[in-house]
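Number of protein chains: 2
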Amino acid sequence: MAILLSIGDELALGQTVDTNTAFMAAGLAERGVMTRMHLTVADEHAALAAAFRQAVRLEAASPDPAPGLVIASGGLGPTEDDLTREALAEAMGVGLGTDEEALAAVRSFFSGIGKAMPPRNEIQAQKPIGSRFLPNPHGTAPGIHAVIEGVNVFVTPGVPREMRAMFSDAILPLAVPDDDGGGVLVTSKVATFGMGESDVSQRLAAIMARGRNPTVGTTVAAGYCSVRLRAEAASGREARAMLEAVAGEVEAALGPVCFGRDEETLENATVTLLLEKGLTVTTAESCTGGLVSEMLTRVPGSSGCCRGGWVTYDNAMKSAELGVAAATLAQHGAVSAEVVKEMAEGAREHARCDFGIALSGVAGPGGGTQEKPVGTVWIALAGGAGVRAWRGRFRGDRATVRDRAAKCALQLLRLRVLGEDTRSIQWLQPEAP
Amino acid sequence: MAILLSIGDELALGQTVDTNTAFMAAGLAERGVMTRMHLTVADEHAALAAAFRQAVRLEAASPDPAPGLVIASGGLGPTEDDLTREALAEAMGVGLGTDEEALAAVRSFFSGIGKAMPPRNEIQAQKPIGSRFLPNPHGTAPGIHAVIEGVNVFVTPGVPREMRAMFSDAILPLAVPDDDGGGVLVTSKVATFGMGESDVSQRLAAIMARGRNPTVGTTVAAGYCSVRLRAEAASGREARAMLEAVAGEVEAALGPVCFGRDEETLENATVTLLLEKGLTVTTAESCTGGLVSEMLTRVPGSSGCCRGGWVTYDNAMKSAELGVAAATLAQHGAVSAEVVKEMAEGAREHARCDFGIALSGVAGPGGGTQEKPVGTVWIALAGGAGVRAWRGRFRGDRATVRDRAAKCALQLLRLRVLGEDTRSIQWLQPEAP
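Quick mapping for you: the protein sequence lines, in order, are chains A and B.
Using this note's numbering, read the first sequence as starting at 7 and increasing by one per residue.
Using this note's numbering, read the second sequence as starting at 7 and increasing by one per residue.
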């Protein structure tokens, strides 16, 4: 097991989001080491020394037979508020000493960028007596490795690029030798969009039962409901085979709302599908202001299926550019099934694409009415078997309404290309026939 | 002082980066409450209950005369791995009871989106006996407030939007009454785009000297260079006055690359300026795929200055929709000053706007040549005094190139509307006259 310490006022005060911890915890988990605690500590000498002592005490007392592990990041810079070296020395009950080799390395880093070493940087060549330095190929502050009460304690710089290299190249091989015969822990994810979290967990109730291996849980973020899988096994290969089997069960239980595994994105899954089938798409957006087009073109190679599109925020542009009839706008209003269908068809014809997607809605915060409250978005898809429209009802602020509507448009397109039912998208209601 | 607990396997394993903690720590710091520890705990009943007990014990023993504060987020969902309620009950030494009012609220949330409540969600109406619920306007899981050994313990959902509303509306007013007479720490930010961090720090060298109050530092994120200010004073009013004075000095030293304070965004500053001046803008985007338009229309009320725009990914669409001459495309290529200028003028004429912005470039990863490597983006602005083009050179992956190019387009537009020099944008080079 491991304890991670993040050091810095900017972290404790919330001015910076700590991404180092997630990186290290994920790297340790892959090697079968569970991070049981993260601690974030401000740049204060006493608090830092106490945190080192407490973390070492907890790890030394752990029932785990593997050696304890404490990794701290931050506070190794040259400025007055960088106190990690001193705090670690105090926790070890020793003083600081200067390492001549390290001093030469700091000097050579500066001469390499054509500068003289500022005197303050000399402190970066100091370390607690009895500890050793870890090389830092990307910066001036070397890392530190000490063994206290049998627990491996490492300190890395807080700069993510420097920390990552040191963690992977120096700390992992030392602290967690490969294939030590112990178990490994491998994670995976099945990504879904459209189905509610409670529906997902109901369909997966048997697979999610506690105490199973792999463990299966759900998380919701940015409208996506992810099914997280975690397998423990003697080897990485065995764990991955277990994950593969359960991910297949999850996909079978949930159906086509699953758009990919692990880091796959909805936009990438959609574009890949269009490219595979040799199909093209164009967009006509009002309330989403270009977001659907922007998402599709995030994907390298999307020019093979995306010709371009229109943002027709203004009614006059809906008519002039896409041929939406003035009478349709007057009779039904810009936020209506009729208007989005004419937008989608107009865009598809003008751009000569297989599919046209159109969106028009009330993203808020203003503009809502009783009949069409904020969060109402009409989405139309032209192509294949004619043109159809769906009404979306989204909760949340302007950014959330736009985001969910755009994702619904992509998932609609994906499901229609696959020939699948679109009723699994919880936010959408098809236009009355 | 405060202790924050983040709950969830996905956090402990590093599958998700914890942004909630930074948000809460920043909110507490503004009220003068220092977060002395963050703890991240996996979804395990025993570990969770122990974390609650330990946090309460530490806070109860704190020498700080203010009541102790523990805020946990996560693990209030409806699934089997959501164990926070049970763990809190165990730490309190009580059982769980169902709250009929809360049950009705969960039911009404589902009927509001036209669904029956899944049976599993019933658990979201349960809370430790003796605790009370906090309303959740954005989701189904109410928060929980309990007092243990005189320490205020709060639990919020992990979904950031739900946590943020609950933290600001329910927890802060209860846990940290305003103006308790203690010292306060107030932060502010001057946001800039275009100037490099080393240029910024050189111009601010005197203001950034160590040991001053307010302290001044720079951070770079997403291409923005933010100048962060932090003032300590006896009262919020005094601290804010100190920040105001130094923020003014920063803005005077850096000039119009400063687009706003605190949470102001570049897109909001740009749209607000256009609305103030009664000006309109349209967009013609190739490599950014709609991102400039999407950014402008993020701003509520942007329909007052944005009529719409085009994404002309395909050369045929550049000609058919915007009137770019086939000869210009053939002679100079799609990524050229000539083409973006014709795009910008065509869009401006078609949409009848004051300004037309056009972008065409090589976002990568493929498509680069020696003459036009990946990261080359031409940007044109039509309107005011004719049409001009700038060449941008951006480093980074596809998403970064698109993002920086779109932000440069907004900052260009903003500076031109203000009648300011555009040379302060480090990435751009004006077309040779």
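We put the beta carbon where it would ideally sit given N, CA and C, even for glycine.
Would you check if the distance between the CB atom of residue i and the CB atom of residue j is smaller than 8 Å?
i	j	result
Gly-103 of chain B	Gln-417 of chain B	no
Leu-365 of chain B	Glu-291 of chain B	yes
Ala-340 of chain A	Lys-324 of chain A	yes
Pro-163 of chain B	Arg-126 of chain B	no
Thr-224 of chain A	Val-206 of chain A	yes
Phe-139 of chain B	Ala-97 of chain B	no
Leu-328 of chain B	His-356 of chain B	yes
Asn-158 of chain A	Gly-149 of chain A	no
Ala-8 of chain B	Val-39 of chain B	yes
Val-161 of chain B	Ala-131 of chain B	no
Ala-152 of chain A	Pro-134 of chain A	yes
Val-330 of chain A	Glu-348 of chain A	yes
Ala-93 of chain A	Leu-64 of chain A	no
Gln-118 of chain A	Ala-197 of chain A	For the sequence presented, residue 118 of chain A should be read as Gly rather than Gln. Taking 8 Å as the Cβ cut-off, Gly-118 of chain A and Ala-197 of chain A do not qualify as a contacting pair.
Leu-10 of chain A	Ala-32 of chain A	no
Val-192 of chain B	Ala-237 of chain B	yes
Val-233 of chain A	Leu-210 of chain A	yes
Does any CB atom of chain A fall closer than 8 Å to the CB of residue i?
i	result
Asn-127 of chain B	yes
Glu-16 of chain B	yes
Asp-427 of chain B	no
Val-196 of chain B	no
Val-192 of chain B	no
Ser-114 of chain B	no
Thr-90 of chain B	no
Gly-295 of chain B	yes
Ile-119 of chain B	yes
Could you tell me the alpha carbon to alpha carbon distance between residue i and residue j, rounded to whole angstroms?
i	j	result
Thr-428 of chain B	Ile-363 of chain B	15 Å
Leu-419 of chain A	Arg-408 of chain B	24 Å
Pro-436 of chain B	Ala-395 of chain B	6 Å
Ile-13 of chain B	Pro-439 of chain A	46 Å
Ala-35 of chain B	Leu-19 of chain A	6 Å
Pro-371 of chain A	Cys-414 of chain B	27 Å
Gly-136 of chain A	Pro-220 of chain A	42 Å
His-338 of chain B	Thr-382 of chain B	14 Å
Gly-242 of chain B	Leu-387 of chain B	44 Å
Glu-128 of chain B	Ala-56 of chain B	26 Å
Ala-343 of chain A	Gly-352 of chain A	14 Å
Gly-398 of chain B	Ala-28 of chain B	34 Å
Glu-377 of chain A	Cys-264 of chain B	42 Å
Val-298 of chain A	Ser-299 of chain B	11 Å
Ala-332 of chain B	Trp-384 of chain B	18 Å
Val-256 of chain A	Leu-421 of chain A	18 Å
Gly-202 of chain B	Pro-73 of chain B	44 Å
For residue i, would you say it is in contact with chain B, using Cβ-to-Cβ distances shorter than 8 Å as the test?
i	result
Cys-312 of chain A	yes
Arg-404 of chain A	yes
Ser-325 of chain A	no
Glu-203 of chain A	yes
Gly-389 of chain A	no
Met-214 of chain A	yes
Phe-4 of chain A	What is shown of chain A runs 7 to 439, which leaves residue 4 of chain A out entirely.
Asp-105 of chain A	no
Arg-267 of chain A	no
Trp-316 of chain A	yes
His-144 of chain A	no
Glu-300 of chain A	yes
Met-43 of chain A	yes
Pro-371 of chain A	yes
Asp-49 of chain A	no
If residue i and residue j are in contact, beta carbons under 8 Å, what's the gap, nearest whole angstrom?
i	j	result
Thr-288 of chain A	Arg-313 of chain A	6 Å
Asp-24 of chain A	Thr-41 of chain A	Wrong, their Cβ atoms sit about 13 Å apart, outside the cutoff.
Leu-249 of chain A	Ser-194 of chain A	4 Å
Leu-285 of chain A	Asp-175 of chain A	Not a contact, Cβ separation roughly 45 Å.
Val-423 of chain A	Leu-260 of chain A	Actually they do not touch by this definition, with Cβ atoms about 18 Å apart.
Tyr-319 of chain B	Ser-309 of chain A	6 Å
I'd like to know if residue i contacts chain E, where contact means its C-beta is closer than 8 Å to some C-beta of that chain.
i	result
Gln-60 of chain B	Chain labels in this structure do not include chain E; the protein chains are A and B.
**Request:** Just list the beta strand (DSSP E) runs in the segment 232 to 281 of chain A, keeping only unbroken ones of 3 residues or longer that don't cross its boundaries, in chain order.
**Result:** For the segment 232 to 281 of chain A, whole beta strand (DSSP E) runs of length 3 or above, ordered along the chain, are 264 to 267.
**Request:** Kindly provide the ranges of any alpha helix (DSSP H) runs that are 4 or more residues long and lie completely inside the segment 63 to 146 of chain B, ordered along the chain.
**Result:** 90 to 98 and 106 to 118
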